[in-house]
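Read through the structure below, which is laid out as C-alpha cells, and then see the notes.
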Amino acid sequence: MEDATLIAACASGDTRALQILHARHASAAFSFAWRMLGNEADADEVVADAFYEVWRQAGRFAGRSKVRTWILGIVRHKALDVLRSRQQFADNALSEDDLVSIVDDNPTPYEWLVEHQRMQVVAACMDALPAPQKECLHLALVEGMTIAEIARVVGVPDNTVATRIHHAKRKLKDCVARATGLKNQTAEGDSLA
101 MEDATLIAAC ASGDTRALQI LHARHASAAF SFAWRMLGNE ADADEVVADA
151 FYEVWRQAGR FAGRSKVRTW ILGIVRHKAL DVLRSRQQFA DNALSEDDLV
201 SIVDDNPTPY EWLVEHQRMQ VVAACMDALP APQKECLHLA LVEGMTIAEI
251 ARVVGVPDNT VATRIHHAKR KLKDCVARAT GLKNQTAEGD SLA
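Now the structure itself:
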C-alpha cells in the first residue's frame with residue numbers, strides 16, 4: 101500500500117495504517133532525531149511525538165512532498181523543540197557501536213584499527229561542521245534524500261541546501277586531510293569533493 105494511501109487511512113482513523121507507516125519510517129526518523137539530539141532517549145521521545153503528530157495531522161497532508169519527507173519534517177521540528185528547551189546543541193557524536201558496524205565483517209586486527217581510527221576522524225570532523233551543514237549532509241548521505249526533499253524538511257531553498265552540502269563536503273575533506281596529514285587526497289574510492 102502506498103504511503104499517501106496510508107496517510108489518508110490515518111486521517112479516517114485507521115490505526116493499522118499508522119502502524120504500517122511507523123514500521124516503514126520509524127528507523128529513518130530515529131536516525132535523523134538521534135543525529136540532531138545525540139541522545140537515544142530524546143530521539144525515541146521525538147519519534148513517538150512525531151508519529152502522534154502524524155496521526156493528528158494526517159488530514160492536513162497536502163501531498164506536495166513524499167510522506168517520508170513530511171514525516172522527517174515533523175521529526176525535525178520536534179527535535180528543534182527539544183534543543184530549544186535545552187538551550188544548546190548536542191554534539192551528536194557517532195557511538196562506538198556505530199563506528200564498529202561500518203567496518204568490514206572480517207578485517208584483520210590491523211585493518212580494523214586503521215578503519216576504526218579513520219572513522220573516528222570522520223566522525224569528529226562531521227561533528228565539527230556547523231549544525232545546518234551537518235544536518236543537510238546527514239540527510240543527503242545517510243537518509244539518501246534529494247536536495248529538493250531536504251529543502252522541504254529543513255525549510256530553506258534548494259540552492260541553500262546545495263550550498264550547505266557543498267561546503268560541508270569541502271570542510272569535511274579538509275578536516276580529514278588535516279587530521280590524517282593527507283593534503284589534497286582522500287582514501288581510495290572516497291568522493292567527498
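Residue numbering for the sequence shown is 101 to 293, as defined by this note's numbering. Ideal Cβ positions, reconstructed from N, Cα and C, are used throughout, including at glycine.
Evaluate T115 with the Cβ neighbour count: other Cβ atoms within 10 Å of its Cβ, from every protein chain shown; 16 or more gives buried, anything less gives exposed. If you number the sequence shown from 1, residue 115 lands on position 15. So T115 counts as exposed.
Nearest residue (CA-CA) to V253, options V221, A143, R184, S165: The residue given as residue 253 occupies position 153 in the sequence shown. The candidate whose alpha carbon is nearest that of V253 is S165.
Measure the beta-carbon distance from V147 to V167 and round it to whole angstroms, keeping in mind my assumption that it falls under 8 Å. Translated into the one-based positions of the sequence shown, residue 147 becomes position 47. Translated into the one-based positions of the sequence shown, residue 167 becomes position 67. That pair is no contact at about 15 Å.
Return the first residue and the last residue of the alpha helix (DSSP H) that M136 is part of. For the purposes of this step, residue 136 is taken as residue 36 along the sequence shown, with counting starting at 1. Counting along the chain, the alpha helix (DSSP H) containing M136 begins and ends at 115-137.
With 16 other Cβ atoms within 10 Å as the buried cut-off, status of T105: Reading the sequence shown from its first residue, position 5 is the one you call residue 105. Per the 10 Å Cβ criterion, exposed.
For the alpha helix (DSSP H) that contains L272, what are its first and last residues? The residue given as residue 272 occupies position 172 in the sequence shown. For L272, the enclosing alpha helix (DSSP H) covers residues 258-280.
I need the DSSP call for R164, collapsed to helix, strand or coil. Position 64 of the sequence shown, counting from 1, holds the residue named residue 164. In the displayed model, R164 falls within coil according to three-state DSSP, outside both helix and strand.
Determine the extent of the alpha helix (DSSP H) in which E243 is found, giving its start and end residues. If you number the sequence shown from 1, residue 243 lands on position 143. Premise fails: E243 is in no alpha helix (DSSP H) and is neither H nor E.
Using the rule of at least 16 other Cβ atoms within 10 Å of the residue's Cβ for burial, across every protein chain shown, is L180 buried or exposed? Counted from its first residue, the sequence shown places residue 180 at position 80. It counts as exposed.
May I ask you to verify whether the region 233-243 touches the region 259-274, counting CB pairs closer than 8 Å and requiring at least 3? Yes, the region 233-243 touches the region 259-274.
Hey, how far is the Cα of R160 from the Cα of V222? Residue mapping note: residue 160 aligns to position 60 of the sequence shown, counting from 1. Residue mapping note: residue 222 aligns to position 122 of the sequence shown, counting from 1. Approximately 40 Å between the Cα atoms of the pair.
DSSP three-state assignment for M101, whether helix, strand or coil: Position 1 of the sequence shown holds residue 101. In the three-state DSSP reduction, M101 falls in the coil class, being neither helix nor strand.
Could you check how far apart the C-beta atoms of L272 and M226 are, in whole angstroms? I think they sit under 8 Å. Numbered from its first residue, the sequence shown carries residue 272 at position 172. Numbered from its first residue, the sequence shown carries residue 226 at position 126. Contact flag correct, Cβ pair sits at about 6 Å.
E249: buried (16+ other C-beta within 10 angstroms of its C-beta) or exposed? Residue mapping note: residue 249 aligns to position 149 of the sequence shown, counting from 1. Using a 10 angstroms sphere on the CB of E249, the tally of other CB atoms reaches 16 or more, which defines it as buried.
Can you give me the C-alpha to C-alpha distance between A228 and S112, rounded to a whole angstrom? As a working note, residue 228 is residue 128 in the sequence shown. As a working note, residue 112 is residue 12 in the sequence shown. Straight-line measurement puts the Cα of S112 at about 45 Å from the Cα of A228.
Apply the 10 Å Cβ neighbour rule to L118 and answer buried if 16 or more other Cβ atoms are within range, or exposed otherwise. The residue given as residue 118 occupies position 18 in the sequence shown. Classification of L118: buried, given that the 10 Å Cβ count is 16 or more.
Would you mind giving the Cβ-Cβ distance between A143 and F151, rounded to the nearest angstrom? I have them listed as a contact below 8 Å. As a working mapping, residue 143 is identified with position 43 in the sequence shown. As a working mapping, residue 151 is identified with position 51 in the sequence shown. Wrong, their Cβ atoms sit about 13 Å apart, outside the cutoff.
Residues in the same chain with beta-carbon distance under 6 Å from F132, minus the five sequence neighbours each way, listed in chain order, please. Counted from its first residue, the sequence shown places residue 132 at position 32. Excluding residues within five positions, the ones whose Cβ falls inside 6 Å are L172, V175.
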